[in-house]
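These notes concern the structure reproduced below.
Residue numbers (this note's numbering): 69 to 282.
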């Protein structure tokens, strides 16, 4: 007994601790760092895949109507109609016989965060198509650049939610006129056509795979 007590005392003095009953030695336990974790890229891909499967591939409709809805979602998402995109999409989808759910996600491609770069690029494209000129719309771009600058006592983030900022942005886009709408429609039709083809193939392949599995 004396030997056991002295042994335990030496172990405590040296900072070592005996493993609890039923517990494996520390050296034999798996290290947390050795457990693989999904990368951020894999996580984003998993989310995108889940959205595609549950919000598009599982829709109870024909492949054409589902893909047709995605097409119109891209077309409307490319236009400077922020604020009425959802209502506009539902109206057009009903009018042309497209699925009214499949195109909801693409319409949010243009939003308050992406509006300026997307619409300006579309205006540039429209101007090139109509006039062959690739110069910048200096007056409108200068107004937008001025509008997004922080004000005394208000940072950029506070400015982001102020109505006068977005009124200036939209007035500038209106000044850009036909060039913006031509560029937006061309962009929407091109991206929407590609999205239609991809969606149609994805829906048909997914249903064929499920039918074969069952």
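Virtual Cβ for every residue (Gly too), placed ideally from N, Cα, C.
Buried or exposed: where does residue 166 fall if 16 or more other Cβ atoms within 10 Å of its Cβ makes it buried?
As a working mapping, residue 166 is identified with position 98 in the chain shown. Answer is buried; the Cβ neighbour count reaches 16.
Mapping the DSSP letters down to three states, classify residue 160 as helix, strand or coil.
As a position in the chain shown, residue 160 is number 92, starting the count at 1. Residue state, collapsed to three classes: helix.
Starting from residue 258, trace the alpha helix (DSSP H) in both directions and tell me its first and last residue.
Indexing the chain shown from 1 puts residue 258 at position 190. Note, residue 258: alpha helix (DSSP H), 246–281.
Which residues mark the beginning and the end of the alpha helix (DSSP H) in which residue 131 is found?
The residue given as residue 131 occupies position 63 in the chain shown. Taken as a continuous stretch (DSSP letters only), the alpha helix (DSSP H) holding residue 131 covers 131–145.
Can you confirm whether the segment 260–270 touches the segment 130–144 when touching is taken to mean that 3 or more C-beta pairs between the two stretches lie within less than 8 Å?
Output reads yes: the segment 260–270 touches the segment 130–144.
Where does residue 166 sit, in a helix, a strand or coil, going by DSSP?
For the purposes of this step, residue 166 is taken as the residue at position 98 of the chain shown. Residue 166 sits in coil when the DSSP states are folded into three classes, being neither helix nor strand.
Please name the residue in 188, 270 and 176 whose C-alpha comes closest to that of residue 19.
A query on residue 19 cannot be resolved here, the shown segment of the chain reaching from 69 to 282 and no further.
Should the segment 175–182 be regarded as contacting the segment 193–202, the criterion being three or more beta carbon pairs within less than 8 Å?
No: the two stretches stay apart, fewer than three of their Cβ pairs being nearer than 8 Å.
How many Å lie between residue 127 and residue 170 at the Cα?
As a position in the chain shown, residue 127 is number 59, starting the count at 1. As a position in the chain shown, residue 170 is number 102, starting the count at 1. Taking the straight line from one Cα to the other gives about 8 Å.
By the three-class DSSP mapping on this structure, what secondary structure does residue 155 have?
Residue numbering aside, residue 155 sits at position 87 when the chain shown is read from its first letter. Helix at residue 155.
From residue 172 to residue 193, what does the alpha carbon distance come to, in whole angstroms?
Translated into the one-based positions of the chain shown, residue 172 becomes position 104. Translated into the one-based positions of the chain shown, residue 193 becomes position 125. Cα atoms of residue 172 and residue 193: separation of roughly 25 Å, rounded to the nearest angstrom.
Where does residue 178 land, buried or exposed, given buried means 16+ other C-beta within 10 angstroms?
Taking the first residue of the chain shown as position 1, residue 178 is located at position 110. Here residue 178 is buried. Its C-beta has 16 or more other C-beta atoms within 10 Å.
Compute the Euclidean distance between the alpha carbons of residue 149 and residue 139, then round it to the nearest angstrom.
Position 81 of the chain shown, counting from 1, holds the residue named residue 149. Position 71 of the chain shown, counting from 1, holds the residue named residue 139. Taking the straight line joining both Cα atoms gives about 16 Å.
So the alpha helix (DSSP H) residue 191 belongs to, where does it begin and stop?
As a first step, residue 191 must be located in the chain shown, where it is residue number 123. Per DSSP, residue 191 belongs to the alpha helix (DSSP H) from 183–199.
By how many angstroms is the C-alpha of residue 152 removed from the C-alpha of residue 125?
In the chain shown, the residue the question calls residue 125 occupies position 57. In the chain shown, the residue the question calls residue 152 occupies position 84. Near 26 Å, if we compare the C-alpha coordinates of residue 152 and residue 125.
Close beta carbons around residue 272, own chain, < 6 Å, minus the five adjacent residues each side
On the chain shown, position 204 is the one that residue 272 refers to. Only 131 meet the Cβ criterion.
Residue environment, residue 269, which counts as buried when at least 16 other CB atoms sit within 10 Å:
Position 201 of the chain shown, counting from 1, holds the residue named residue 269. Its Cβ having fewer than 16 others within 10 Å, residue 269 is exposed.
Which residues in the same chain have their Cβ closer than 6 Å to the Cβ of residue 255, if we skip the five residues on either side of it in sequence?
In the chain shown, counting from the first residue as 1, residue 255 sits at position 187. Closer than 6 Å at the Cβ level, and outside the excluded window around residue 255, lie 146 and 190.
Would residue 143 pass as a contact of residue 257 if the rule is Cβ separation under 8 Å?
In the chain shown, the residue the question calls residue 143 occupies position 75. In the chain shown, the residue the question calls residue 257 occupies position 189. Yes, these two residues count as a Cβ contact at 8 Å.
Looking at the structure shown, is residue 148 part of a helix, part of a strand, or coil, going by DSSP?
Numbered from 1 along the chain shown, position 80 holds the residue referred to as residue 148. The DSSP-derived three-state label of residue 148 is coil.
Exposed or buried, what is residue 276 when buried is set at 16 or more other beta-carbons lying within 10 Å of its beta-carbon?
Stepping through the chain shown from its first residue, residue 276 is reached at position 208. So residue 276 counts as exposed.
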